[in-house]
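Position in the sequence shown (first residue = 1) + 1156 = the working numbering.
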Amino acid sequence: MFCKKCGKEIRDDAIVCPYCGVQVGNFSTPAPKTNVLAIVGFIFAFLMPVVGLICSIIGKSKVDECGGNGKGLATAGIVISIIAIVLYVIIVAASVGMAASVMNGVY
Ligand SMILES: [Zn+2]
1157 MFCKKCGKEI RDDAIVCPYC GVQVGNFSTP APKTNVLAIV GFIFAFLMPV VGLICSIIGK
1217 SKVDECGGNG KGLATAGIVI SIIAIVLYVI IVAASVGMAA SVMNGVY
């Protein structure tokens, strides 16, 4: 690449121009990555709540341990997974109860 200030050709990975000393590189630190497990856990919370719950718990502990984004996402994944599991249990219990009623001729 070429220096913005003096126009001399410099190395592509140079941070400071060796000819005039102007800053040419990008000093901004890369944004912290969102924990993958937190994302996976959040998605699975809707599809397979048990898997989502496990991934979210692991993801949350990883964020606590290693840093990065995704703590809120992991917490949301845990909450949604628990709600989904409770709903599934209610639906399954209701279905079983209804099936039992049909078989007993009550329904
Ligand atoms: Zn320069």
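Beta carbons are placed, not taken as given, at the ideal position from N, Cα and C, and that holds for glycine.
- One residue after another in chain order, those with a Cβ under 6 Å from a heavy atom of ligand 1 are C1159, K1161, C1162, K1164, C1173, Y1175, C1176 and V1178.
- Residue burial annotation: G1226 is buried, with at least 16 other C-beta atoms found within 10 angstroms of its C-beta.
- When the beta-carbon positions are compared, S1212 and G1197 come within less than 7 Å of each other.
- Rounded to the nearest whole angstrom, the C-alpha separation of A1230 and V1248 is 26 Å.
- Looking at the DSSP output, T1190 sits in a beta bridge with N1225.
- Two segments are said to touch when three or more pairs of C-beta atoms, one from each, lie closer than 8 Å; by this definition the segment 1206-1225 does not touch the segment 1251-1262.
- Here I1246 is exposed, its C-beta having fewer than 16 other C-beta atoms within 10 Å.
- For V1172, the beta-bridge partners assigned by DSSP are Q1179.
- N1260 and V1219 do not touch by the CB rule: their CB atoms are close to 50 Å apart, not below 8 Å.
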